[in-house]
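Working notes, structure below.
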Amino acid sequence: ALLTDQMSQIVSLPPIPPMPEPLDDWYNSAEVMDKFQMVHETLNDKWNQDVERIQNLKQAGRDTVWWPFTQHGSIKADEDITLIDAAHSDNFITV
């Protein structure tokens, strides 16, 4: 789950300035930049964890799935496997 500890993952930003004041100073404030950097790092870490999990699924599949239609052990390496990570109605990626 992305937000395993939801209380530590809540991002509170300072109020935006009233209209018609431009948002440039608000976006460039240290507080806003720090908060967005934290969000970016959290999402980046989650992405890296998901990629690692997906890459490890090839090995797990090769070790545990019964492959009844592969002749004479033709699945010898992870590169021989096309992994599709998808859910119903999602776009899918292959690794």
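Mapped onto our numbering, the consecutive letters of the sequence shown carry residue numbers 126 to 220.
We put the beta carbon where it would ideally sit given N, CA and C, even for glycine.
In this text, all values refer to a predicted model and were calculated from it rather than measured experimentally.
Check: How long is the line joining the alpha carbons of A126 and L208, rounded to whole angstroms?
Finding: Residue numbering aside, residue 126 sits at position 1 when the sequence shown is read from its first letter. Residue numbering aside, residue 208 sits at position 83 when the sequence shown is read from its first letter. The predicted model places A126 with a pLDDT of 48, which falls under 50 and marks its position as unreliable, so this point remains unresolved.
Note to self: In whole angstroms, give me the CA-to-CA distance for E156 and P139.
What the structure shows: For the purposes of this step, residue 156 is taken as residue 31 along the sequence shown, with counting starting at 1. For the purposes of this step, residue 139 is taken as residue 14 along the sequence shown, with counting starting at 1. Each residue's Cα considered, the two are about 8 angstroms apart.
Notebook entry, point to check: Secondary structure at I200, three-state DSSP: helix, strand or coil?
Noted result: For this step, residue 200 is matched to residue 75 along the sequence shown. DSSP places I200 in coil when its eight states are reduced to three.
Check: What's the C-alpha gap between F161 and D170?
Finding: What you label residue 161 is simply residue 36 of the sequence shown in a count that begins at 1. What you label residue 170 is simply residue 45 of the sequence shown in a count that begins at 1. Cα-Cα distance, rounded: 14 angstroms.
Next item on the list: Assign Q134 to one of three DSSP states: helix, strand, or coil.
Entry: In the sequence shown, the residue the question calls residue 134 occupies position 9. DSSP places Q134 in helix when its eight states are reduced to three.
Notebook entry, point to check: DSSP state of V190, grouped into three classes?
Noted result: Position 65 of the sequence shown, counted from the start, is the residue given in the question as residue 190. The answer is coil: DSSP assigns V190 none of H, G, I, E or B.
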